[in-house]
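K.L.:
Heads up: the sequence shown runs through residues 135 to 637, numbered per my numbering.
Even glycine gets a Cβ: it sits at the ideal position worked out from N, Cα and C.
Because the structure is a prediction, the values reported are computed rather than measured.
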Amino acid sequence: MPISRRTFLQMSGAAAVGSVWTRGLGSGDSGDASLCRKLASDPLRPQYHLLPSHNWMNDPNGPIYFGGRYHMFHQFNPSGATWGNMHWAHATSPDMIHWQHESIALAPTRGGPDSDGVFSGSAVLDNGKPTVIYTAVAPPNSSADATLRDGVHTWRETQCLAVAQDDALRTWKKVPEPVISSPPPGLDVTGFRDPALWHEGENWMLILGSGARGKGGMILLYTSRDLRHWTYLHPLIEGSPSKSASMNPVDTGEMWECPDFFPLGNRHVLLISTMGKVRWKVGTYTNQRFTPEKEGVVDWGSYYAAKTMLDADGRRILWGWIPETRPDTDLIAAGWAGAMSLPRVLSLSSQNELQTEVAPVAGKLRAGDAGNIDAVRIEDVAAEIEVHLQPRADDFKLRLYSDAGDFVSVSCSRQSGSRELRVNAITAPLPGPAGSPVRLHMFLDGSVVEVFVNETVALTARVYQIPSGPLQMKLDGSVKIASLHTWGMQPISRDRLTGSLCS
Ligand code: FRU
135 MPISRRTFLQ
145 MSGAAAVGSV
155 WTRGLGSGDS
165 GDASLCRKLA
175 SDPLRPQYHL
185 LPSHNWMNDP
195 NGPIYFGGRY
205 HMFHQFNPSG
215 ATWGNMHWAH
225 ATSPDMIHWQ
235 HESIALAPTR
245 GGPDSDGVFS
255 GSAVLDNGKP
265 TVIYTAVAPP
275 NSSADATLRD
285 GVHTWRETQC
295 LAVAQDDALR
305 TWKKVPEPVI
315 SSPPPGLDVT
325 GFRDPALWHE
335 GENWMLILGS
345 GARGKGGMIL
355 LYTSRDLRHW
365 TYLHPLIEGS
375 PSKSASMNPV
385 DTGEMWECPD
395 FFPLGNRHVL
405 LISTMGKVRW
415 KVGTYTNQRF
425 TPEKEGVVDW
435 GSYYAAKTML
445 DADGRRILWG
455 WIPETRPDTD
465 LIAAGWAGAM
475 SLPRVLSLSS
485 QNELQTEVAP
495 VAGKLRAGDA
505 GNIDAVRIED
515 VAAEIEVHLQ
525 PRADDFKLRL
535 YSDAGDFVSV
545 SCSRQSGSRE
555 LRVNAITAPL
565 PGPAGSPVRL
575 HMFLDGSVVE
585 VFVNETVALT
595 ARVYQIPSGP
605 LQMKLDGSVK
615 IASLHTWGMQ
625 PISRDRLTGS
635 LCS
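#1: Is the closest heavy atom of the ligand FRU to the C-beta of residue 269 under 6 Å?
#2: Taking 7 Å as the threshold (C-beta atoms), are residue 322 and residue 347 in contact?
#3: Can you grab the Cα-Cα spacing for the pair residue 533 / residue 540, in whole Å?
#4: Looking only at its own chain, which residues have a Cβ that is under 6 Å from the Cβ of residue 157, when we skip the five neighbours before and after it?
#5: What does the alpha-carbon distance come out to for the pair residue 513 and residue 575?
#6: Is it buried or exposed, residue 508, if we count other Cβ atoms within 10 angstroms and call 16 or more buried?
#7: Could you spell out where the alpha helix (DSSP H) holding residue 383 opens and where it closes?
#8: Looking only at its own chain, which residues have a Cβ that is under 6 Å from the Cβ of residue 477, when we skip the five neighbours before and after it?
#9: Would you tell me roughly how many angstroms separate the C-alpha atoms of residue 355 and residue 317, rounded to the nearest one?
#10: Kindly indicate which three-state DSSP category residue 496 falls into: helix, strand or coil?
#11: When you compare the CB of residue 304 with every CB in chain C, is at least one pair closer than 7 Å?
#12: Could you please give me the residues that DSSP links to residue 558 through a beta bridge?
#13: State buried or exposed for residue 485, treating a residue as buried only when at least 16 other CB atoms are found within 10 Å of its CB.
#14: Entirely within the region 164-214 and at least 4 residues each: give me those alpha helix (DSSP H) ranges in chain order.
#15: Quick one: is the Cβ of residue 206 within less than 6 Å of any heavy atom of the ligand FRU?
#16: In or out: residue 489 buried (at least 16 other Cβ within 10 Å) or exposed?
#17: In the structure shown, what three-state DSSP assignment does residue 519 receive?
#18: With distance defined between alpha-carbon atoms, name the residue in 367, 296, 419 nearest to residue 304.
#19: Measure the alpha-carbon distance for residue 549 versus residue 379 and round it to whole angstroms.
#20: Any idea which residues DSSP pairs residue 608 with across the strands?
#21: Using the rule of at least 16 other Cβ atoms within 10 Å of the residue's Cβ for burial, across every protein chain shown, is residue 391 buried or exposed?
#22: Buried or exposed: which applies to residue 635, given that a residue is buried once 16 or more other Cβ atoms fall within 10 Å of its Cβ?
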């Protein structure tokens, strides 16, 4: 289960967020040698997913292809392995798979509108100039000013702009005052954050994650000629009142975080994050209003705050934050938390449902293919598995195990007339007629397991188990293997991406 903001805050004891800023270890700083050794040899730390050298990360922010390189920014706490003190960390890649850390891109400015945190946002090219708009948080001047109240914090959220000062996107200049300083008048918002942007005719359009107290989640739509002066139009879409109650409106679905909105095929797609899941809606966008026709869940497991970009070939790429599911004390002991999902290519099915598959470029990492099930030996929990199954009944179980027990099991069963997929303790509905083929695609990387079934179901599991040796594979049930490939995966660094802390 992704951890809700409230849980993050409770877990991190984050009352100090915003008041105590400690200096982070950016590139070039030399870290503590024993911490470096521990992080670089931690078998639970992924070897081919992007993650910071140490400490806490959450949402992807402003991913953009610029100057022949991919730039990924993400929420980062330079002072600890739990949520708080939000900055934008920065990493670059030639191919969306091999990453190198850059120094921190955006940090809170003392006395500024982002004095308590640089929250999530997006990047665009403004006449070729990389520009970001992000949510800034600061103490409210009065309680009427507060837009974020989650039972732990009371903050004023405003939208701020920064422009890159160099082509490597290493230094950014902030516009000192917010470009959107308060919610539309008369709206009792449950939150006001996470801008996403696109260009429409002569205008820029911007959406914000929000909600109306007692009425439901809401996406607010704005327009501008110059990215600096914004006019509120109307809600792009509104949800409905929640049936449950909580101090944190994100937990009840009355606050929609991290919206993203883009054309795909002959439809538009809206992504929102709420109640621990990323939800997609596919529909039509006319007269600047969105009418959904289909909806679903982007990933049924440990996955949140997804955000897209266009790659060099114009494909729509989805990134998501893979949260931890273990307690705070374990995060602090480990010294790191969170990873970025592999890049996923989005498309629409013939039924206009959202489909995801890992970008083919991940195939660059493949090492030898085991060929048959009895020969499978997965070393260091780094593998890609592609298996096409022809079930005779909807009842099978694929296990990856060592003497330490099952590492991951993927099973299918019938539950009240429909098929259900289960990956360890996480379940998801598996669409398709009874007994229809199952194409299973899995990526194992330390404690991260990304699972895709038939392009329509995605599920990210976390497994905090250290196998006793190479993982072997077993398949039970009334099922035939139509094809099987199991590749080892090459790490993207020699030190589990700790280099910028340790070298
Ligand atoms: C989603 C989120 C965003 C916010 C950011 C703060 O995980 O809560 O709404 O901008 O994280 O870190």
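P.N.:
A quick look at the data gives this:
#1: Position 135 of the sequence shown, counted from the first residue, corresponds to residue 269. Answer for residue 269: yes, Cβ within range of the ligand FRU.
#2: For the purposes of this step, residue 347 is taken as residue 213 along the sequence shown, with counting starting at 1. For the purposes of this step, residue 322 is taken as residue 188 along the sequence shown, with counting starting at 1. For residue 347 and residue 322, yes; Cβs fall inside 7 Å.
#3: Numbered from 1 along the sequence shown, position 399 holds the residue referred to as residue 533. Numbered from 1 along the sequence shown, position 406 holds the residue referred to as residue 540. As the crow flies, the alpha-carbon of residue 533 is around 6 Å from that of residue 540.
#4: Walking along the sequence shown from the start, residue 157 turns up at place 23. Per-residue confidence for residue 157 stands at a pLDDT of 26, beneath the threshold of 50, marking its modelled position as unreliable; no derived number is given.
#5: Residue 513 sits at position 379 when you count from the first residue of the sequence shown. Residue 575 sits at position 441 when you count from the first residue of the sequence shown. Answer to the nearest angstrom: the Cα atoms are 18 Å apart.
#6: Position 374 of the sequence shown, counting from 1, holds the residue named residue 508. By the neighbour-count rule (16 or more Cβ atoms within 10 Å), residue 508 is not buried but exposed.
#7: On the sequence shown, position 249 is the one that residue 383 refers to. Counting along the chain, the alpha helix (DSSP H) containing residue 383 begins and ends at 383-386.
#8: Here the question's residue 477 lines up with position 343 in the sequence shown. 230, 451, 493.
#9: Counting from one through the sequence shown, the residue named residue 355 turns up at place 221. Counting from one through the sequence shown, the residue named residue 317 turns up at place 183. Going from the Cα of residue 355 to the Cα of residue 317 covers about 11 Å.
#10: In the sequence shown, counting from the first residue as 1, residue 496 sits at position 362. Residue 496: helix per DSSP, three-state reduction.
#11: Considering every chain present, this structure includes no chain C. It has just one protein chain.
#12: Against the sequence shown, residue 558 aligns to sequence position 424. For residue 558, which the question treats as bridged, DSSP gives no partner whatsoever.
#13: As a position in the sequence shown, residue 485 is number 351, starting the count at 1. Answer is exposed; the Cβ neighbour count stays below 16.
#14: If one requires a minimum length of 4 residues, the alpha helix (DSSP H) runs lying completely within the region 164-214 are 167-174, in chain order.
#15: Translated into positions along the sequence shown, residue 206 becomes position 72. Distance from the C-beta of residue 206 to the nearest heavy atom of the ligand FRU is not below 6 Å.
#16: Within the sequence shown, numbered from 1, the residue matching residue 489 stands at position 355. Around the beta carbon of residue 489, a 10 Å sphere encloses 16 or more other beta carbons of the protein chains shown; the residue is thus reported as buried.
#17: Here residue 519 is taken as the residue at index 385 of the sequence shown, counted from 1. If DSSP states are grouped into helix, strand and coil, residue 519 belongs with the strands.
#18: Taking the sequence shown and counting its residues from 1, one reaches residue 304 at position 170. With distances taken between Cα atoms, residue 304 lies closest to 296.
#19: On the sequence shown, residue 549 is found 415 positions in, with the first residue counted as 1. On the sequence shown, residue 379 is found 245 positions in, with the first residue counted as 1. Taking the straight line from one Cα to the other gives about 30 Å.
#20: As a position in the sequence shown, residue 608 is number 474, starting the count at 1. In the DSSP output, where bridge partners are listed per residue, residue 608 has 533.
#21: Counting from one through the sequence shown, the residue named residue 391 turns up at place 257. Buried, by the Cβ-count rule.
#22: Here residue 635 corresponds to residue number 501 of the sequence shown, with the count starting at 1. Under this definition residue 635 is a buried residue.
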